[in-house]
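I have placed the structure first, in the form of structure tokens, so that the comments after it can refer back to it.
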Amino acid sequence: MSSSALPVERARPLRRVVLSALTIVVAAAGVAVATRSASAAVVDPAASYVLVNRNSGKALDVYNLATTDGAAINQYTRNDGAWQQWKFLDSGSGWYRLQSVHSGKVLDLPTTADGVQLVQNTDRNDSRQQFRLADSAGGHVRLINRNSGKALETWEWSTADGAKVSQYQDLDGANQQWQLARVGAGTAGTFTNPIKRNGPDPWLQHHNGYYYLATTTWNSTITMRRSTTLAGLATAADQVVFNLAGRANGCCNMWAPEFHLLDGPNGKRWYFYYTAGQNVSDYNPTQRLHVLESAGTDPMGPYTFKADLGSDWSLDASVLKVGSSLYLMATYNAGGSYGQSNFIQRLSNPWTLTGSRARLSSPTLSWERQTGAVNEGPEPLYHNGKVMVVYSASACWGPDYKLGLLTLTGTDPMNMAHWTKSPNPVFQRNDANGVFAPGHNGFFKSPDGTEDWIVYHANDSAGGGCDMNRSTRAQKFTWNADGTPNFGAPVRLGTTLTAPSGE
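Under UniProt numbering, read the sequence shown as residues 1 to 503, first letter to last.
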């Protein structure tokens, strides 16, 4: 949300000292003060740019992905999303409007006052919305507003996500200096997390040259986005592939989508599993599992409703394949001391359950019971003949949500005694990297099939919740000598990562 306006007087004393000292030095040297025009920074009106503040390292951002007039423009960890991309619209004589790729609005300073909140508004091409570039050291620029003559800056030298961007007299301070990072220039074969800002419970697959990503919507639509590159998912449009409106037993609160290419009666089809319930205030008791079927082999459908999967509270469906047999894995309330647990049940086909379900794992270890005793989100993982299940543990509304590992060490996946649980988590919070509650994952292969990747959601702070503010991240992982996965540590947002092999 927007930062509230800070009193201008708070920032003035230090600024006055700096400006006074600067004036004394310049006067003593007998040098006339003049504002330099930009020479190093030449913008391409056809290109898009991310503006990175020199002091904070954060990017100019349409905060909370707003599309409305008057919405705040703040700073946020760089992710190169459309809400951080800006086009320079030529106003003539060296003046430009900066237009958001996300909203189509342009930057606007409503008054000439120090500390006024930078906002976005419909393009009027007036002096409040026009800026020129002035050179600073190291190839950075200042953005000088035509109406006020003042420079854009991160207010009070803040380095925090969500900090206000405002204007002040041009002092050429690091908090007034911006790097113009051209989108796509010098970044071929790389990406940064998040690949979707508001993207909990992600499922990602690479198929026929495209990455396909679906996440929780928490409404009555199922959406998917696609891109030829992992980086491109950050700005790809979400497309509705199915609308749940009107379904009595599953109209709303769509969670945890997954799509699997499986054999059906008409050949291979995508089967789309999801959790949804009724439109009631206490949504949890009504959440059920459901499945759609695609008409062909396009992951984006079209889809038709295929079946309900069970009639009691459940969530986080996934499909396990052992030999020629299919199993539905999902999360139920086991009751008693077991609490929220993962279960497994045979499938006679991708949409039909058969026989009784059996308990697969329960939160029995201390690290599975932080904030809340939870096992959920079971996901299949296969490597060199080894069958594994990676699951989420502890409460999603706490910072210690994490991943655990089960390995099939017997022959019967329906027998919990044939699974061995790792005594320690395999992926968890990393305070040093600012990553909290990493979990609810999936797996995908690089385009050339040589690399293994994990996709997951996480929070930016220990106070983050179990809501739509969780973002989708991806990173490559390797394998330990015993054939188990080595996920490493979740990486910091904004870290430049090498794209999957074969892009």
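Idealized CB from N, CA, C, for every residue including glycine.
Keep in mind that this is a model prediction, so the values were computed, not measured.
Residue burial classification, residue i (beta-carbon count within 10 angstroms, cutoff 16)
i: Lys306; result: buried
i: Val106; result: buried
i: Arg429; result: buried
i: Gly30; result: Since pLDDT at Gly30 reaches only 33, below the 50 mark, its modelled position is unreliable, and the value read off the structure follows with that caveat. The residue in question, Gly30, is exposed, as its Cβ has fewer than 16 Cβ neighbours within 10 Å.
i: Arg226; result: buried
i: Val33; result: Confidence at Val33 is low in this model, with a pLDDT of 33, below 50, so its placement is unreliable and the value that follows should be read with caution. By the 10 Å Cβ count, Val33 comes out exposed.
i: Thr472; result: buried
i: Lys268; result: exposed
i: Gly335; result: exposed
i: Ala395; result: buried
i: His260; result: buried
i: Pro485; result: buried
i: Glu503; result: buried
i: Arg78; result: buried
i: Thr275; result: buried
i: Asn243; result: exposed
i: Asn459; result: buried
i: Trp479; result: exposed
Per DSSP, cross-strand counterpart(s) of residue i
i: Tyr382; result: Val387
i: Cys251; result: None; Cys251 has no bridge partner.
i: His290; result: Tyr274 and Asp308
i: Asp263; result: Lys268
i: Gln475; result: Ile454
i: Thr496; result: DSSP lists no partner for Thr496.
i: Gln370; result: Paired residue(s): none; Gln370 is not in a bridge.
i: Arg226; result: Tyr212
i: Tyr303; result: Ser294
i: Glu258; result: Tyr273
i: Glu376; result: Ser392
Beta carbon of residue i nearer than 8 Å to that of residue j
i: Thr190; j: Ala474; result: no
i: Lys196; j: Thr216; result: no
i: Thr409; j: Trp419; result: yes
i: Glu156; j: Gln176; result: no
i: Gly377; j: Asp316; result: yes
i: Val50; j: Val183; result: yes
i: Thr112; j: Ser148; result: yes
i: Trp326; j: Leu309; result: Reading the sequence as shown, one finds Leu at residue 326 and not Trp. It is not a contact, given that the beta carbons lie outside the stated cut-off.
i: Asn441; j: Val455; result: yes
i: Met254; j: Ile344; result: no
i: Ser56; j: Ser158; result: yes
i: Leu493; j: Pro194; result: yes
i: Ser311; j: Ser341; result: no
i: Asp69; j: Asn145; result: no
i: Gln130; j: Asp123; result: no
i: Asn74; j: Ala137; result: no
i: Gln205; j: Met224; result: no
i: Arg142; j: Asp170; result: yes
i: Val52; j: Gln179; result: yes
Residue span of the beta strand (DSSP E) that contains residue i, given as start and end
i: Phe487; result: Taken as a continuous stretch (DSSP letters only), Phe487 belongs to no beta strand (DSSP E), as it is neither H nor E.
i: Gly92; result: Trp86 to Gly92
i: Lys321; result: Leu315 to Val322
i: Asn243; result: Gln239 to Asn243
i: Leu342; result: This sequence places Asn at residue 342; Leu is not what is there. Its beta strand (DSSP E) spans residues Gln340 to Asn349.
i: Arg359; result: Thr352 to Ser361
i: Trp218; result: First-last for Trp218: undefined, no H or E at that position.
i: Tyr332; result: Ser325 to Asn333
i: Leu204; result: Trp203 to His207
TODO: Kindly provide the ranges of any beta strand (DSSP E) runs that are 3 or more residues long and lie completely inside the region 380 to 455, ordered along the chain.
DONE: For the region 380 to 455, the full-length beta strand (DSSP E) segments reaching 3 residues or more read 386 to 393, 402 to 408, 419 to 421 and 436 to 445 along the chain.
Task: Any beta strand (DSSP E) of 3 or more consecutive residues that is wholly inside the UniProt domain "Ricin B lectin" (47 to 181) - done: 49 to 53, 59 to 62, 73 to 76, 86 to 92, 95 to 100, 106 to 108, 119 to 121, 131 to 135, 141 to 145, 151 to 154 and 165 to 168
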